[in-house]
């Protein structure tokens, strides 16, 4: 099964090379979508051996992920892994995430950062809980960690998916797509590595509220 | 019971909105969940139009006493809807821009979507 990794990245020059190198042993190729970075992320990714798709403007994590999906389709991928560029996901978890897709029991696999004894700050747990609730209100499906960027798409999900939301709302949109296209889902506990760097990269409360409103409004008016 | 024009028009608009939502479900553009939420929302509008007394407790809480005020509030709701609709249109323009940027990125790398 031809498996590609897609890493949406925005100003991650200090982290991207390490993430690519750690992910490479588990996949056929790594696609980095440089989302209008101004710090040389694209060059660092290319030097580390990734295929780089470059947005000329910053469009958001959702838009970058969909660009990666389109690129992977064009390369004939059968399965796709998405992971964050800041190094918070451990690529050693990739085989466990891929297993349900490889054995045909799932079309999409959601990683679950809360399924293991990870040291996650309370505020992060709270925001993720709110994100899960908003996702449930908008889609009717409960996912234990709906806002995690670490996912695996099997052949059916890779063929069907069509993300329209540009920002961080895309995580909820993926859950909606799983309902819409009746994908079989699986959830796999993973390790998560939080550092000062990854925590500083998180969304602000105001941005979270805006995202939640957009999701609810969009699901209602769609 | 004598029905006012508002009591006839509001449920008709609600009916059209509900039929439209389920039509989108049939065309796989809306999920069952979204259509259910939409049905509850417009169903409530129709019910309140036909049975204005059903929201007496809101009258106590908000001070909206008569039908004229209720019509005013309804039209404020419609104005909100129009604003949100415009927001959605802006978003669709943003999506068009994103698609353009995506195509440029894929073309530059020689990975244009082969389905197009």
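Chains as they are written, first to last, in our numbering: chain A, 1 to 222; chain B, 1 to 116. All residues carry an ideal CB built from backbone N, CA and C; glycine is no exception. Computed from a prediction, not measured in an experiment: that's the story for all the values here.
Could you give the residue range of the alpha helix (DSSP H) that holds residue i?
| i | result |
| --- | --- |
| residue 85/A | Looking at the DSSP string, residue 85/A is not in any alpha helix (DSSP H), and its letter there is neither H nor E. |
| residue 41/B | 32-50 |
| residue 155/A | 155-160 |
| residue 68/B | 67-108 |
| residue 110/A | From DSSP, residue 110/A is part of no alpha helix (DSSP H) but of the beta strand (DSSP E) over 108-112. |
| residue 7/A | Note, residue 7/A: premise wrong, no alpha helix (DSSP H); beta strand (DSSP E) at 3-9. |
| residue 147/A | No alpha helix (DSSP H) holds residue 147/A; DSSP gives it neither H nor E. |
| residue 123/A | 122-139 |
| residue 170/A | 170-180 |
| residue 70/A | 61-74 |
| residue 117/B | Nothing can be reported for residue 117/B: it is not among the residues displayed for chain B, which extend from 1 to 116. |
| residue 97/A | 94-102 |
| residue 19/A | 16-23 |
| residue 57/B | 56-62 |
| residue 41/A | 41-47 |
In the DSSP assignment, the beta strand (DSSP E) including residue i goes from what residue to what residue?
| i | result |
| --- | --- |
| residue 35/A | 29-35 |
| residue 52/A | 51-55 |
| residue 188/A | 185-189 |
By the 10 Å Cβ neighbour count, where 16 or more other Cβ atoms means buried, how is residue i classified, buried or exposed?
| i | result |
| --- | --- |
| residue 176/A | buried |
| residue 132/A | buried |
| residue 5/B | exposed |
| residue 147/A | buried |
| residue 116/B | In this predicted model, residue 116/B has a pLDDT of only 47, less than 50, meaning its place in the structure is not dependable; the value taken from the coordinates is given anyway. Exposed, because fewer than 16 other Cβ atoms sit within 10 Å of the Cβ of residue 116/B. |
| residue 52/A | buried |
| residue 5/A | buried |
| residue 63/B | exposed |
| residue 37/B | buried |
| residue 27/A | buried |
| residue 102/B | buried |
| residue 44/B | exposed |
| residue 69/B | exposed |
| residue 153/B | Here chain B covers residues 1 to 116 and nothing more, so residue 153/B does not appear. |
| residue 134/A | buried |
| residue 54/A | buried |
| residue 75/B | exposed |
| residue 28/B | exposed |
| residue 81/B | exposed |
| residue 94/A | buried |
| residue 51/B | exposed |
| residue 86/B | exposed |
| residue 76/A | exposed |
| residue 40/B | exposed |
To which residues of the same chain is residue i closer than 7 Å at the C-beta, ignoring the five residues directly before and after it?
| i | result |
| --- | --- |
| residue 73/A | 158 |
| residue 18/A | 87 |
| residue 71/B | 6 |
| residue 98/B | none |
| residue 44/A | 13, 16 and 17 |
| residue 58/A | 10, 35 and 36 |
| residue 77/B | none |
| residue 41/A | 9, 11, 12, 13, 16 and 34 |
So, for residue i: in the same chain, excluding its five sequence neighbours on each side, which residues have a beta-carbon less than 6 Å away from its beta-carbon?
| i | result |
| --- | --- |
| residue 98/A | 152 |
| residue 182/A | none |
| residue 173/A | 163 and 165 |
| residue 237/A | Residue 237/A falls outside the range modelled here, since chain A spans only 1 to 222, and no answer is possible. |
| residue 253/A | Because chain A spans 1 through 222 in this model, residue 253/A falls outside it and cannot be assessed. |
| residue 3/B | none |
| residue 35/B | 21, 22 and 25 |
Within a Cβ cutoff of 8 Å, which residues of the same chain sit near residue i, ignoring the five residues on either side of it in sequence?
| i | result |
| --- | --- |
| residue 125/A | 114 |
| residue 144/A | 110, 112, 114, 115, 132 and 187 |
| residue 8/B | none |
| residue 46/B | 10, 11, 14 and 15 |
Counting Cβ pairs, one atom from each stretch, are 3 or more of them under 8 Å apart for the stretch 156-166 of chain A and the stretch 56-66 of chain A? Output reads yes: the stretch 56-66 of chain A touches the stretch 156-166 of chain A.
Stretch-stretch touch, CB-based, cutoff 8 Å, three pairs: the stretch 100-112 of chain A with the stretch 174-194 of chain A: Look at the beta carbons and you see the stretch 100-112 of chain A touching the stretch 174-194 of chain A: at least three pairs across the two are nearer than 8 Å.
Counting pairs of Cβ atoms below 8 Å between the stretch 124-140 of chain A and the stretch 97-104 of chain A, do you hit three or more? Look at the beta carbons and you see the stretch 124-140 of chain A not touching the stretch 97-104 of chain A: under three pairs across the two are nearer than 8 Å.
Take every Cβ of the stretch 5-13 of chain A, pair it with every Cβ of the stretch 25-43 of chain A, and state whether three or more of those distances are shorter than 8 Å. The stretch 5-13 of chain A vs the stretch 25-43 of chain A: in contact.
Quick one, which residues of the stretch 165-176 of chain A are near chain B if we go by CB-CB under 9 Å, in chain order? Residues passing the 9 Å Cβ filter: 165, 166 and 176.
Identify each residue in the stretch 43-61 of chain A for which the Cβ-Cβ distance to at least one residue of chain B is less than 9 Å, and report them in chain order. Within the stretch 43-61 of chain A, the qualifying residues are 51, 52, 53, 54, 55, 56, 57, 59 and 60.
Near-chain A residues of the stretch 74-92 of chain B - C-beta to any C-beta below 9 Å: Contact residues of the stretch 74-92 of chain B toward chain A are 81, 84, 85, 87, 88, 91 and 92 (C-beta to C-beta distance below 9 Å).
Got a sec: which bits of the stretch 92-113 of chain B sit with their beta carbon under 7 Å from any beta carbon on chain A, in order along the chain? Residues of the stretch 92-113 of chain B with a C-beta atom less than 7 Å from some C-beta of chain A are 94, 95, 98, 101, 102, 104, 105, 106, 108, 109, 111, 112 and 113, listed in chain order.
Contact residues within the stretch 29-41 of chain B, judged by C-beta distance below 9 Å to chain A: Listed by position, the residues of the stretch 29-41 of chain B near chain A (Cβ gap below 9 Å) are 29, 30, 31, 32, 33, 34, 36, 37, 38 and 41.
Give the residues from the stretch 74-94 of chain A that approach chain B closer than 8 Å (Cβ to any Cβ), ordered along the chain. Cβ contacts with chain B come from 74 and 75.
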